[in-house]
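What follows is a short report on a single structure.
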Amino acid sequence: VVTYGQVARMIGTKNARRVGQALHANRNPEVPCHRVVFANGSLAPGYAFGGLAEQKKRLAAEGVGFVGEKVDMDRFLMSS
Numbered sequence: 054v055v056t057y058g059q060v061a062r063m064i065g066t067k068n069a070r071r072v073g074q075a076l077h078a079n080r081n082p083e084v085p086c087h088r089v090v091f092a093n094g095s096l097a098p099g100y101a102f103g104g105l106a107e108q109k110k111r112l113a114a115e116g117v118g119f120v121g122e123k124v125d126m127d128r129f130l131m132s133s
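Quick note on numbering: the sequence shown equals residues 54 to 133 in the working numbering.
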């Protein structure tokens, strides 16, 4: 799991919001945009392929754990 901010830094910008906009505009369900979350582990309410429930379902299917409704960032955040 990565954060919008991590992706922004990877591509050389500081604008995490732009990353979210680009991912939301994506129409290809093969792009693993479900793996991008907010810095606090929250899921994206506007997840383009089915909303919060679908994003959580996809992450859980990959073995990602949660604390309540947030990704367990201590265990599943990709180190940058």
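Note that the Cβ used here is the ideal one computed from N, Cα and C, for glycine as well.
So what does residue i bridge to, in DSSP terms?
i, result
"V124", "F119"
"V55", "V89"
Check whether the Cβ atoms of residue i and residue j lie closer than 8 Å to each other.
i, j, result
"G58", "A75", "no"
"T56", "A92", "yes"
"G99", "H77", "yes"
"G118", "R128", "yes"
Residue i and residue j look like a contact to me (Cβ under 8 Å); what is the Cβ gap, rounded to whole Å?
i, j, result
"L105", "L96", "5 Å"
"G94", "V124", "4 Å"
"V90", "V54", "6 Å"
On the DSSP letters alone, give me the boundaries of the alpha helix (DSSP H) that residue i sits inside.
i, result
"R80", "Run containing R80: none; DSSP gives neither H nor E here."
"A113", "G104 to A114"
Confirm the yes/no value for this check: CB of residue i, any heavy atom of the ligand GTP, distance under 7 Å.
i, result
"G121", "Ligands displayed in this structure: none; no statement on the ligand GTP is therefore possible."
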